[in-house]
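In this text, residue positions in the sequence shown follow our numbering: the first is 2, and each later residue adds one. A virtual CB, placed ideally from N, CA and C, is assigned to each residue, including glycine. Keep in mind it's a predicted model, so treat the numbers as computed, not measured.
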Amino acid sequence: MKTSFITLLMTILFCSCNSQTANSKKNNTMNDKSNQNPAYSTTDTSKVTLGNEAWRKILPKEIYEIAREKGTERAFTGKYWNTYDTGTYYCAVCGNPLFRSNGKFESSCGWPSFFEPITKGSLIYLPDNSYGMTRTEVECGRCKSHLGHVFEDGPPPSGLRYCINGNVLNFEKAQEANKIK
Ligand SMILES: [Zn+2]
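This is the structure:
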C-alpha cells in the first residue's frame, strides 16, 4: 500500500516535471539564449562582468571558445558570412546590438564583414600583436567578449572592415527586431 502510494506520488511528480519542461521549451522558441543566459538582453545597457568560469557553464562551446578565448572560426564555416537580410546583429553572448544589415558589405573573406557598428560605443578596440601581426581587436562594448578584428581596407564611407566571427553574432530579421523594441 505504502509502496504504491510512493509510486503514485513519483508518477505525479515526474509528469508535472515533464510538462514544465515542455512548457519552458515552448516559451524558449522565441529566443533560446535569453532564458538560459541571465546576462542576455537586447535592451539592457549595463555592463556585464561575468568571469570565464561562469561563461563556460552558460555558453555553447563554439561561442565560448571565440568569445572568451579569442578563438576564430574557420572561414566560410560560421554564421552570417553570406547573409544579406535586413535586420540587426546582436552579441550572441550578451544581446548588445552591434551592427545593422545596412552596415554590412559583401566581402570574399568568409566572415561577416561590416563597415560600421551601430555606434562607436557598441565596441571596444584593443591593439593585438599576436601571431606576428599588428591588428586591432574588437570586443563587445557590454560584455567584453572577443568578436573579431577591424582592418583599414574596407569600402567607403568608413574605409573600415570589421571582420567578425559569425558564431558570436545573433541576427534578427527586421520584423522580429522591431517587435523587441
Ligand atoms: Zn556582448
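Worksheet item: Alpha carbon to alpha carbon, how far is T46 from N97?
Response: Going from the Cα of T46 to the Cα of N97 covers about 7 Å.
Item to complete: May I ask you to report which of helix, strand or coil DSSP gives G160?
Response: G160 falls in the coil class under three-state DSSP.
Worksheet item: Is DSSP giving E70 helix, strand or coil here?
Response: In this structure, E70 counts as coil in the three-state DSSP scheme.
Discussion item. Considering Cα atoms alone, identify which of L60, W82, Y91 is closest to C141.
Written reply: Taking only the C-alpha atoms, the option nearest C141 is Y91.
Worksheet item: Would you call E66 buried or exposed, if buried means 16 or more other Cβ atoms sit within 10 Å of its Cβ?
Response: Under this definition E66 is a buried residue.
Item to complete: Please find out if some non-hydrogen atom of ligand 1 comes closer than 7 Å to the beta-carbon of R69.
Response: Checking the Cβ of R69 against ligand 1 gives no.
Fill in: Simplified DSSP state of E140, which is helix, strand or coil
In the structure shown, E140 sits in a strand (DSSP, three-state: E or B).
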